[in-house]
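Residue numbers (my numbering): 1 to 91.
Take a look at the structure:
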């Protein structure tokens, strides 16, 4: 699934760097719960294995898309997508 499909699925209309619209993401987010606060969108899904996946979409941020996962043991990991394709930051 690419980001532009996810945005269409949730009817999210934001201006993001062009490369992000074609970026691939896990389809699990299509079944997530959407919330919005202060023009920041958050999609959260908890899988059968008790892993919580979160996508944050904030077009005003230096990292407009952030993906994170929290494992049942509390360990977290993720990636921040910057305004340029090479601006990735692993968290």
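Quick reminder that beta carbons are idealized off the backbone N, C-alpha and C, glycines included.
Review point. Since residue 33 is in the alpha helix (DSSP H), which residue starts that stretch and which ends it?
Key: As a first step, residue 33 is located in the chain shown; it is residue number 33 there, counting from the start. No alpha helix (DSSP H) holds residue 33; the beta strand (DSSP E) holding it covers 33 to 37.
Review point. What's the C-alpha gap between residue 56 and residue 41?
Key: Stepping through the chain shown from its first residue, residue 56 is reached at position 56. Stepping through the chain shown from its first residue, residue 41 is reached at position 41. Answer to the nearest angstrom: the Cα atoms are 6 Å apart.
Exercise for review: Give me the Cα-Cα distance between residue 1 and residue 74, rounded to the nearest whole angstrom.
Suggested key: The residue you call residue 1 lines up with position 1 of the chain shown. The residue you call residue 74 lines up with position 74 of the chain shown. Using only the alpha carbons, I get a separation of about 27 Å.
Review point. Would you call residue 51 buried or exposed, if buried means 16 or more other Cβ atoms sit within 10 Å of its Cβ?
Key: Taking the chain shown and counting its residues from 1, one reaches residue 51 at position 51. Flag for residue 51 reads exposed.
**Study point:** Per DSSP, the bridge partner or partners of residue 65
**Key:** Taking the first residue of the chain shown as position 1, residue 65 is located at position 65. Answer by DSSP bridge pairing, in chain order: 57 and 81.
Check your understanding: Considering only residues of the same chain and omitting the five flanking positions on each side of residue 23, which have a CB-CB separation below 6 Å?
Key -> Taking the first residue of the chain shown as 1, we reach residue 23 at position 23. Taken in chain order, the residues that qualify are 3.
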